[in-house]
Amino acid sequence: MDITEVRIKLMDSSEDRLRAFCSITLDHAFVVRDLKIIEGSNGPFVAMPSRKMTARCGRCGSKNHMRSNYCNQCGKRLRGAQDLQDIEGASNKLYADIAHPVNQACRDMIQHAVIREYRLELERAEQPGYVSRYDEEYVEIIPHTVSTPSIIPRPHMLKEPMQEPTQESMAIRPEPASSPSELGEDPARENPARENTAGESTGDPSPESREEDFGSGIF
């Protein structure tokens, strides 16, 4: 997991220790908002996004924030823990983290990335025309892909328009001669070995030799 973007929204200087809000983006895919940068005794630190804990009214059962003076539903005065039921967690805890790291390595990574961007944002704020990017919309980042060309080109992808066939291109052209006689050449010139006597060229014996050979294999 990598922190790919950090956005800072600086707060006006006041007596409160809250210095800025920030949002972090994880792997260009997941955004966590409302992290707080608080000025501590050893410098600024990052607080996770949290919500105020609630408890139910003892009369109507509606949920109210801890240490509220009156019930938001029935208006009953809430004096203390005896008027609240189903308290979430310890009674002395006012806030609960909505999102938080589960190990120290992840916490240190978030702390380092946010504080570094916070100091850079303080330098940008001194420049004229400074505008915070905290409230800008997030744009989807599409990874680079290699597109393979289509095998069959489409009509709108042709570089030159197709030309209609003309009468000259449609005319029947004579086929080229394939045999030596059609080419007007002498086959004997192509193969000199065939230029022999009639008996040697055909390989057939003469009539006299046939009579002498008849019955030679019997005796």
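Taking the working numbering as reference, the numbering of the sequence shown is continuous, increasing by one, and the terminal residue is 237. Glycine residues also receive a C-beta, built at the ideal position from the N, C-alpha and C atoms.
**Study point:** Burial state of Ile56 (16 or more Cβ within 10 Å)
**Key:** For the purposes of this step, residue 56 is taken as residue 38 along the sequence shown, with counting starting at 1. Classification for Ile56: exposed.
Check your understanding: Tell me which same chain residues have a C-beta within less than 6 Å of the C-beta of Cys92, skipping the five on either side of it?
Key -> For the purposes of this step, residue 92 is identified with residue 74 of the sequence shown, where counting begins at 1. Around Cys92, the same chain offers Arg77, Cys78 as residues with beta carbons nearer than 6 Å, after the five sequence neighbours per side are excluded.
Exercise for review: With DSSP as the reference, please indicate the residues paired to Asp113 in a beta bridge.
Suggested key: The residue you call residue 113 lines up with position 95 of the sequence shown. The residue you asked about is not Asp; residue 113 is Tyr in the sequence shown. According to the DSSP secondary-structure assignment, Tyr113 is paired through a beta bridge with Lys70.
Check your understanding: Does DSSP put Cys124 in a helix, a strand or coil?
Key -> Position 106 of the sequence shown holds residue 124. Helix, per DSSP.
Review point. Are Val64 and Ile133 touching if we call contact CB-CB under 9 Å?
Key: Sequence index remark: in the sequence shown, residue 64 carries index 46 (1-based). Sequence index remark: in the sequence shown, residue 133 carries index 115 (1-based). Ile133 sits close to Val64, with the two beta carbons spaced by under 9 Å.
**Study point:** Contact set for Ala216: own chain, Cβ-Cβ below 6 Å, skip 5 residues either direction
**Key:** In the sequence shown, the residue the question calls residue 216 occupies position 198. The predicted model places Ala216 with a pLDDT of 46, which falls under 50 and marks its position as unreliable, so this point remains unresolved.
Practice item. Measure the beta-carbon distance from Leu44 to Met19 and round it to whole angstroms, keeping in mind my assumption that it falls under 8 Å. Key: Taking the sequence shown and counting its residues from 1, one reaches residue 44 at position 26. Taking the sequence shown and counting its residues from 1, one reaches residue 19 at position 1. Right, the Cβ-Cβ distance comes to about 6 Å (below 8 Å), so this counts as a contact.
Exercise for review: Leaving aside the five residues before and after Gly147 along the sequence, list all residues of the same chain whose C-beta is less than 8 Å from its C-beta, in chain order.
Suggested key: The residue labelled residue 147 in the question sits at position 129 within the sequence shown. Scanning its chain for C-beta atoms nearer than 8 Å, with the 5 sequence neighbours on each side dropped, one finds no residue around Gly147.
Practice item. Determine the extent of the beta strand (DSSP E) in which Cys89 is found, giving its start and end residues. Key: Walking along the sequence shown from the start, residue 89 turns up at place 71. No beta strand (DSSP E) holds Cys89; DSSP gives it neither H nor E.
Point to revise | Same chain only: Cβ atoms within 6 Å of Leu129, ignoring 5 sequence neighbours per side | key: One-based indexing of the sequence shown puts residue 129 at position 111. First, the residue type needs correcting, since residue 129 is Gln and not Leu in the sequence shown. For Gln129, the CB contacts under 6 Å within the same chain, skipping 5 residues up- and downstream, are Val64 in chain order.
Review point. Considering only C-alpha positions, which residue in the set Cys40, Leu28, Glu23, Asp30 is nearest to Ala47?
Key: One-based indexing of the sequence shown puts residue 47 at position 29. Here the closest residue by C-alpha is Glu23.
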